[in-house]
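Residue numbers (the working numbering): 431 to 558.
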């Protein structure tokens, strides 16, 4: 079940390679249930009001989407200011490791997120 975000752009920004992985927050350029940038300075920023993560089949907040939501909030200062966002990607990886079978785990979603994060291995840059 996908909760509707406060506002949702119809398509991703032209200058950002964007795709929805899963939930309301997982995927580069996908934030708060729509095509939005993570970064506060962008006019199409997904905050400051962040909606809930997607619900799991059990009716609880999806663990993976909750991790992605925290990552997007962490990345909000964004841009090239690595001091402001240092640790966001590592925090996402640690959070995903804690997603257990009883936490509304979505293995397909987690696998896609992990694949994307491995492509960014060694970088502290946030997605968009």
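Don't be surprised by glycine CBs; every beta carbon is placed ideally from N, CA and C.
Would you say residue i and residue j are within 8 Å of each other, going by their C-beta atoms?
i, j, result
"residue 454", "residue 484", "yes"
"residue 497", "residue 529", "yes"
"residue 463", "residue 481", "yes"
"residue 468", "residue 495", "no"
"residue 525", "residue 500", "yes"
Out of the options, which one is the CA nearest neighbour of residue i?
i, options, result
"residue 478", "517, 526, 505, 525", "505"
"residue 493", "459, 522, 461, 450", "522"
"residue 459", "491, 524, 508", "508"
"residue 514", "450, 470, 452, 456", "470"
What span of residues does the alpha helix (DSSP H) with residue i cover, start to end?
i, result
"residue 578", "This structure cannot speak to residue 578, because the chain is shown only from 431 to 558."
"residue 522", "518–528"
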